[in-house]
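First the structure, in the form of structure tokens, and then the observations on it.
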Amino acid sequence: MTMIFGVPAAAFYGQLLLGLINGAFYALLSLGLAVIFGLLKIINFAHGAQYMLGAFAAYLLLETLGINYWVALFLAPIIVGALGVVIERFLLRRITHIDHIYGLLLTFGLALVIQGTFTNWFGVSGSRYPVPEALQGGINLGFMYLPIYRAWIVAVALVVCFAVWFLIEKTKLGGYLRAGTENSALMQAFGVNVPLLVTLTYGFGVGLAALGGVLAAPVYSVSPDMGSNLLIVVFAVVVIGGMGSIVGAILTGLMMGIVEGLTKVYYPEASSVVIFLVMIIVLLVRPSGLFGKGT
Amino acid sequence: MATTETKMTAAQASKQAENRRRYILYAVLLAVALVAPFLAYPVFLMKILCFALFACAFNLLLGYAGLLSFGHAAFLATGGYMTGFLLSTYSITPEVGIITGTLAATVLGTFFGILSIRRQGIYFAMITLALAQMVFFMYLQADFTGGEDGLQGVPRGHLFGIFDLSNNLTMYYFVLAVFLFGFLLIQRTVHSPFGQVLKAIRENEPRAISLGYNTDVYKLVAFVLSAALAGLAGSTKTVVFQLASLGDAHWHMSGEIILMTLVGGVGTLFGPVLGATFVLTLEHQLSQSFLGDWVDVILGVIFVVVVLTFRAGIVGEIQKFMKKNFK
Amino acid sequence: MKMMKTALATAIVSTLFMGATAHADGHKISDNELRIGYLADMSGTYRDLAGPNGEEALKMAIEDFGGKVKGKNITVMSADDRNSPDVASSTVREWIESDKVDMVQGLVASSVSIASTKVMNGTDTMGLVNGSAASSITNEHCTPNHIHWTYDTYPLANGTASAVVAEGGKTWFMVTADYAFGHALESDVTRVVESNGGEIVGGVRHPLSTDDFSSYMLQAQASGADVVGLANAGGDTVNSIITAGEFGLAQAGQTVAALLLFLTDVHALGAETAQGIQLTTGWYWDKDAEARAWADRFYDRTGARPSMVHAGIYSSTMHYLKGVEATGSDKAADVRAWMADNEINDMFAKGGYVREDGRMVHDMYLAEVKTPAESKSDWDLYKIVRTIPGDEAFRPLSQSKCSLVK
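Residue numbers (my numbering), protein chains in the order written: chain U, 1 to 295; chain F, 1001 to 1327; chain C, 2001 to 2406.
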């Protein structure tokens, strides 16, 4: 049995794969944040709460209306995204022109409200969301047993990441969005409804967070505090990747998943803080993050 | 700072008048503070004073240097744990324990500052948050902190070997003295040439650099001072409550201090004090009422409302109101 | 005009002080009343353990007792400790000094319990700790003013570990939360497993509040141990169990032993996911007819089945009130002495007694989570496999570091 730094090769590959899976999940979550910050310069501290709302939406749709997972995958992000639209239109819009700090503080306050309310309605013990039948069970890969649902998460995450990247970087709509946030007055003069674009973009980013929540619901307990620890990790990923960069968020998410995964094998006690360590080192060496476009 | 010869006398006179009024205000507030423990519950007042000091320290960085730190809880906790550990283990007097705790926080602040000061805005906030998270996990694991149980049973001791601090009234006046020391230090700093440069940096850093100021050094000094006073608040709080716990190091604590400063008024001297008083009183009253479950939600709503409409905070809004109606 | 500013500022500061003032002497201090304070986490991570329903259990005890003791009225005040020992210690201090509270009930987070009981020490106020798990509360942190009623980590580790080893679980892989509490659980289990002829073949320590356990479950699987022991609590345990199910640990023949698992957690997991898990509990709502009768009343009042903590709150309050009635005193020392001299025989415990270190010793129960087929309703979750006699379950006095133990 070959050993890699003291760990059997089979176990090592298994952990690497798990790290990649988690990385894809991080990439998906950071994508929403990166879209919102990169394009709108809004620091969305409510992202964790919106992720939680996505999971709860899926859970409630199942419990009260009997709507299954497959429909929830589309419906939950739309519902939560709509809430995002409302937040942007009535709350965020009033302060984003002043200072980015206020956007951060406003969304921070919103997160407190959302999480606190759900804690009072549902308690903190969490609820169980069943893995959909088609995705149950696992495959024996030889070096490890891989639950099918985890493979599904990777697939969805990678597809969505690619699609969003393509949309923003390669299409006309994406072009309008990038131009509109760079020079709003000019774009409006050209007839593009920039405020509407901004609102919809925020809603879209929130929807992405909610999609992450739906994907997470069968594997993590659905509880009001599920987003709060994840939030700062995801922020760290976006900061490392460079706050303006979509590509940066995706690639960093994947990388951090692997780094964290390897830490869990060799020095698991530090697996919660390794990402912060990496962030500090990266910011010292490259102040705008790995793919950032400068402050 | 220089004014033309012809205007100097008028400006001087008006400044003197302003100073006189300010001193009267201070005197009145001091009088209130001196009699307060006979009207309200001393331990609660001490909690307010400690958090007010913490908020003022935070505000020095945010309101006057323009830097939003998301990791200030680390300094509160470091001061608290260091003081708590020393007072529990060695037979030293409380002021020695507090000074050592503050020093520990200062050292940590220097370390954090050197790593983070070159960055701006969200990057700065995230570095401070990351560093604070690492400190949190360190305290979670360390034996001497007692982990989740907390560092309990810290003796209050005898101040200078003479004054028995287990008497709540004596303890209160000591805490008041510590608070006044910290507050006046901030007040002097803000109104000094150093403070003026800080304000210039906050308003337009490139211009300050072009004028020849080494802005990084100024910001670092402000950061270290802010960390030191936050540590002082933490150390004193540990002696008041006779315990230090992980909640002091958690990022929610950093969030709470932002709330207090914001609600009170960023960039004003009294804002943080009022903010701390307001938030703590609200928490206290609510948690014992039927709304007890909703304290966090209500705080969140206040946060949102303040950011949307009352950005200058209580003190700031009062100042704006005064300017508008009484000028 | 600046004078106006002065006046206004002073007025505001004074008004804010009045907020604190009003509370300080708003209550008329009357010694013709028995006052009970309920202090627990009402809105955070420990909310479901005791929380608002715990206050209902407290009120049930007072009502069943008749609402009065020795002709005095009984009043309840409650506060959210927000899991902060600062808030708890200042609340308890205020309750004792300003509101003349006679007994403090609830007390969940261990830092809260330890801080609160230290404040009560040397006063006339008694503390009844029900929510906390830390065994240090009757060990190095014992005081003459409090009793630890429902459970602590010692019997939990002891009961589950020895039972699982006895059933054939000889080799263990430990998944431990990396902080003092987790380490304590881990070392308790290690001791029990090894003294029963078992072996710890491996383990991993994860940071507190980990979301994703896939890596750790993979390591547990790779170890090939008979048993995967979870030395963690709350959300970490729930997520561990979900992931263990996802990776098919049970199908591959490994037993999952959860060392700190509450009914509310199992309810959140559901029988489908949690089936077969073995755990130790201080009480179960369906353990006998008397318990069930009380649990039905609790259910009618709150819409949920009671956890052992809720039952403990009811039981300890009843015993306390009986003590006040019998001694005619509301001073902690007097009531505590009566409570120690008299056995507890109620729906919570039979033959229970209070030791000199403050530990209430009673039988513990080894339970196994039912399969979905066996579970007839969403709270019908445990089958009691074995009763562990109280004297076997709790830390023996010979090993105690408590200063009250001679």
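By construction, the Cβ of each residue, glycine as well, lies at the ideal position given by its N, Cα and C atoms. From a predicted model like this one, the values you see are computed outputs, not experimental measurements.
Within chain F, the residues that residue i reaches when beta carbons sit closer than 8 Å
{"i": "Arg2301 (chain C)", "result": "Near Arg2301 (chain C) there are no residues of chain F at all, since even the closest Cβ is about 17 Å away, more than 8 Å."}
{"i": "Arg94 (chain U)", "result": "Leu1308"}
{"i": "Tyr102 (chain U)", "result": "Val1307 and Arg1311"}
Proximity below 8 Å, CB of residue i to CB of residue j
{"i": "Asn2158 (chain C)", "j": "Asp2188 (chain C)", "result": "yes"}
{"i": "Gly19 (chain U)", "j": "Ile258 (chain U)", "result": "yes"}
{"i": "Val1306 (chain F)", "j": "Leu1262 (chain F)", "result": "yes"}
{"i": "Thr1189 (chain F)", "j": "Gly1182 (chain F)", "result": "no"}
{"i": "Leu1185 (chain F)", "j": "Ala1222 (chain F)", "result": "no"}
{"i": "Ala210 (chain U)", "j": "Gln50 (chain U)", "result": "yes"}
{"i": "Phe1070 (chain F)", "j": "Ala1230 (chain F)", "result": "no"}
{"i": "Ala1228 (chain F)", "j": "Ala1105 (chain F)", "result": "yes"}
{"i": "Asn2073 (chain C)", "j": "Thr2117 (chain C)", "result": "no"}
{"i": "Thr949 (chain F)", "j": "Ala1073 (chain F)", "result": "Nothing about residue 949 (chain F) can be reported from this structure: the residues present for chain F run from 1001 to 1327 only."}
{"i": "Leu1243 (chain F)", "j": "Leu1151 (chain F)", "result": "yes"}
{"i": "Thr2255 (chain C)", "j": "Phe2213 (chain C)", "result": "no"}
{"i": "Asp2226 (chain C)", "j": "Gly2276 (chain C)", "result": "no"}
{"i": "Ser223 (chain U)", "j": "Gly2235 (chain C)", "result": "yes"}
{"i": "Phe2173 (chain C)", "j": "Ser2240 (chain C)", "result": "no"}
{"i": "Leu1945 (chain C)", "j": "Ala2079 (chain C)", "result": "The structure shown has nothing for residue 1945 (chain C), since chain C only spans 2001 to 2406."}
Strand pairing of residue i, partner residues [DSSP]
{"i": "Thr2490 (chain C)", "result": "Outside the modelled stretch of chain C, which goes from 2001 to 2406, sits residue 2490 (chain C), for which no answer is possible."}
{"i": "Glu2033 (chain C)", "result": "C:Asn2073"}
{"i": "Gln2278 (chain C)", "result": "C:Ala2257 and C:Glu2368"}
{"i": "Trp2172 (chain C)", "result": "C:Ile2200 and C:Val2227"}
{"i": "Gly2352 (chain C)", "result": "C:Ile2344"}
{"i": "Leu140 (chain U)", "result": "The identity of residue 140 (chain U) in the sequence shown is Asn, whereas the question assumes Leu. U:Tyr145."}
{"i": "Lys2068 (chain C)", "result": "C:Asn2073"}
{"i": "Tyr2382 (chain C)", "result": "C:Val2369"}
{"i": "Ser127 (chain U)", "result": "U:Val222"}
{"i": "Tyr1026 (chain F)", "result": "DSSP lists no partner for Tyr1026 (chain F)."}
{"i": "Ala2177 (chain C)", "result": "C:His2206"}
{"i": "Phe45 (chain U)", "result": "Per DSSP, none; premise fails for Phe45 (chain U)."}
{"i": "Ala2040 (chain C)", "result": "C:Asp2080"}
Closer than 7 Å at the beta carbon, the chain F residues around residue i
{"i": "Lys2118 (chain C)", "result": "Gln1152 and Gly1153"}
{"i": "Arg286 (chain U)", "result": "Chain F residues near Arg286 (chain U): none, gap ~11 Å exceeds 7 Å."}
Contact set between residue i and chain U, taken where Cβ atoms lie within less than 8 Å
{"i": "Phe1241 (chain F)", "result": "What Phe1241 (chain F) touches in chain U: nothing, since even the nearest Cβ is about 25 Å away."}
{"i": "Arg1118 (chain F)", "result": "Pro287"}
{"i": "Ser2043 (chain C)", "result": "Gly116, Thr119 and Asn120"}
{"i": "Asp2048 (chain C)", "result": "Gly123, Val124 and Ser125"}
{"i": "Leu1115 (chain F)", "result": "Ile280 and Leu284"}
Within chain C, partners of residue i - CB distance below 9 Å
{"i": "Tyr145 (chain U)", "result": "Leu2218, Gln2221, Phe2247, Gly2248 and Ala2252"}
{"i": "Gly138 (chain U)", "result": "Glu2246, Phe2247 and Gly2248"}
Contacts of residue i in chain U (Cβ-Cβ under 9 Å)
{"i": "Phe1303 (chain F)", "result": "Leu105, Leu106, Phe108, Gly109, Leu110, Leu112 and Val113"}
Within chain U, the residues that residue i reaches when beta carbons sit closer than 7 Å
{"i": "Asp2178 (chain C)", "result": "Glu269"}
{"i": "Leu1299 (chain F)", "result": "Leu112"}
Amino acids of chain C, ordered along the chain, whose beta-carbon sits closer than 7 Å to that of residue i
{"i": "Asp1164 (chain F)", "result": "Going along chain C, no residue has its Cβ under 7 Å from Asp1164 (chain F), so there is no contact; the nearest lies around 15 Å."}
Counting pairs of Cβ atoms below 8 Å between the stretch 1094–1112 of chain F and the stretch 1251–1265 of chain F, do you hit three or more?
-> At 8 Å Cβ cutoff, the stretches do not touch.
Positions along the stretch 2071–2100 of chain C whose CB lies within less than 9 Å of some CB in chain F = Residues of the stretch 2071–2100 of chain C with a C-beta less than 9 Å from any C-beta of chain F: Met2077, Ser2078, Ala2079, Asp2080, Asp2081, Arg2082, Asn2083, Ser2084, Pro2085, Asp2086, Val2087, Ser2089, Ser2090, Thr2091, Arg2093, Glu2094, Glu2097 and Ser2098, listed in chain order.
Segment contact flag, the stretch 2261–2278 of chain C with the stretch 116–131 of chain U, C-beta cutoff 8 Å, min 3 pairs | Enough Cβ pairs lie closer than 8 Å, so yes.
The stretch 1180–1212 of chain F: which residues have C-beta closer than 7 Å to a C-beta of chain U, in chain order?
-> Of all residues in the stretch 1180–1212 of chain F, none has a Cβ within less than 7 Å of some Cβ in chain U.
Sufficient close CB pairs (3 or more, under 8 Å) joining the stretch 110–118 of chain U to the stretch 1297–1315 of chain F = Judged by Cβ distances under 8 Å, the stretch 110–118 of chain U makes contact with the stretch 1297–1315 of chain F, as three or more pairs qualify.
The stretch 2343–2354 of chain C / the stretch 2307–2325 of chain C touching (three or more Cβ pairs under 8 Å) = Enough Cβ pairs lie closer than 8 Å, so yes.
May I ask you to list, following chain order, the residues of the stretch 199–226 of chain U that have a beta carbon less than 8 Å from some beta carbon of chain C?
-> Correct list: Val219, Tyr220, Ser221, Ser223, Asp225 and Met226.
Counting Cβ pairs, one atom from each stretch, are 3 or more of them under 8 Å apart for the stretch 1201–1217 of chain F and the stretch 1010–1024 of chain F?
-> No, the stretch 1201–1217 of chain F does not touch the stretch 1010–1024 of chain F.
Short-range partners of chain C found in the stretch 7–25 of chain U, where Cβ spacing is below 7 Å | The residues in question are Ala11, Gly14, Gln15, Leu18 and Asn22.
Taking a cut of 8 Å between CB atoms, which residues from the stretch 1130–1145 of chain F lie near chain U?
-> Of all residues in the stretch 1130–1145 of chain F, Ala1130, Leu1131, Gln1133, Met1134, Phe1137 and Gln1141 have a Cβ within less than 8 Å of some Cβ in chain U.
Indicate whether the contact test is met: 3 or more Cβ pairs, each with one atom in the stretch 180–195 of chain U and one in the stretch 138–157 of chain U, closer than 8 Å.
-> No: the two stretches stay apart, fewer than three of their Cβ pairs being nearer than 8 Å.
Determine which residues of the stretch 2191–2208 of chain C have a Cβ less than 7 Å from any Cβ of chain U, and write them out in chain order.
-> Here the close residues are Val2204, Arg2205, His2206 and Pro2207.
Selection of the stretch 1047–1068 of chain F by Cβ proximity to chain C, strictly under 9 Å = Correct list: Lys1047 and Ile1048.
Can we say the stretch 2139–2153 of chain C touches the stretch 2348–2364 of chain C, given the rule of at least three CB pairs closer than 8 Å?
-> They touch, by the three-pair rule.
Would you call the stretch 1153–1172 of chain F and the stretch 1034–1047 of chain F in contact, with 3 or more CB pairs under 8 Å?
-> A contact exists between the stretch 1153–1172 of chain F and the stretch 1034–1047 of chain F.
Compile a chain-ordered list of the residues in the stretch 2134–2154 of chain C whose CB is closer than 8 Å to at least one CB of chain F.
-> Against chain F - using a Cβ distance shorter than 8 Å - the residues of the stretch 2134–2154 of chain C are Ala2134, Ser2136 and His2141.
Determine, using beta-carbon pairs with one atom in the stretch 2189–2202 of chain C and one in the stretch 235–252 of chain U, whether at least three such pairs fall under 8 Å.
-> In short, these stretches do not touch, since the Cβ pair count stays below three.
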